[in-house]
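Q: Questions regarding the structure given below will be posed in turn.
In the working numbering, the protein residues as written are 911 to 1094.
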């Protein structure tokens, strides 16, 4: 057998193995992105399960604060109806703002603030919010790694051939960056 033919076959085998390895790593990164988004979803589900109990507890003390309570419920429902991650991110921002407004509202009701059920729910929700924040950070880290892999040479060649798409970072909208304003 000719040495040139053996060298050419070896180069082809190496290239094929590299394409397979790169493709598999891109799949791994894409699945990590999906998994990290589902981790956010798990925490948001926990938050959504806590919110109705919190709203019911507040209703008994703050009957005339109907607007704030409805805002929380509407924000929760808009998240539940969102199907795309981008829509979920936007709805999550509105829900976070509404819940923060609800917590700020509790400052005006000493009896509510002293209620054990309310403080337990509030603490659980704060703990969940912390987990959501960590999950968002992890999601963005994984998206960064995935997007880098797609854009960097030489893996971008395989990514373009197999049509891998960049993922969107979880971003805070401008409304969430503002302080919550509670009016009485």
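Think of the CB as a built atom: it goes at the ideal place given N, C-alpha and C, for glycine as much as any other residue.
By Cβ distance below 7 Å, which residues in the same chain neighbour residue 1079 in space, the five residues on each side in sequence not counted?
A: Within the chain shown, residue 1079 is the residue found at index 169, counting from 1. Cβ within range, chain order: 1050, 1053.
Q: Does DSSP put residue 1057 in a helix, a strand or coil?
A: Within the chain shown, numbered from 1, the residue matching residue 1057 stands at position 147. Looking at residue 1057 - three-state DSSP - the assignment turns out to be helix.
Q: Got a sec? Which residues, its chain only, sit under 6 Å from residue 1001 by beta carbon, not counting five neighbours each side?
A: Taking the chain shown and counting its residues from 1, the one referred to as residue 1001 is at position 91. Only 988, 989, 992 meet the Cβ criterion.
Q: For residue 1074, name the three-state secondary structure that DSSP assigns.
A: In the chain shown, residue 1074 corresponds to position 164, counting from 1. Residue 1074 falls in the coil class under three-state DSSP.
Q: Along the alpha helix (DSSP H) that carries residue 1008, what are the first and last residues, could you check?
A: Position 98 of the chain shown, counting from 1, holds the residue named residue 1008. Its alpha helix (DSSP H) spans residues 995–1016.
Q: Classify residue 1081 as helix, strand or coil using the three-state DSSP reduction.
A: For the purposes of this step, residue 1081 is identified with residue 171 of the chain shown, where counting begins at 1. Here residue 1081 sits in coil by DSSP.
Q: Quick check: the region 1015–1029 against the region 922–934, are at least 3 beta-carbon pairs closer than 8 Å?
A: no
Q: Taking 8 Å as the cut-off, decide whether the C-beta atoms of residue 953 and residue 1006 are in contact.
A: Translated into the one-based positions of the chain shown, residue 953 becomes position 43. Translated into the one-based positions of the chain shown, residue 1006 becomes position 96. The answer is no: Cβ separation not under 8 Å.
Q: Given residue 1082, which residues of its chain have a CB within under 7 Å of its CB, disregarding the five upstream and five downstream residues?
A: As a first step, residue 1082 must be located in the chain shown, where it is residue number 172. Once the five neighbours on either side are set aside, the close Cβ partners of residue 1082 are 1003.
Q: Can you look up residue 962 in the DSSP assignment and give me helix, strand or coil?
A: Residue mapping note: residue 962 aligns to position 52 of the chain shown, counting from 1. Three-state result, residue 962: helix.
Q: So the alpha helix (DSSP H) residue 992 belongs to, where does it begin and stop?
A: For the purposes of this step, residue 992 is taken as residue 82 along the chain shown, with counting starting at 1. Run containing residue 992: none; DSSP gives neither H nor E here.
Q: Can you tell me whether residue 1027 is helix, strand or coil according to DSSP?
A: As a working note, residue 1027 is residue 117 in the chain shown. Helix.
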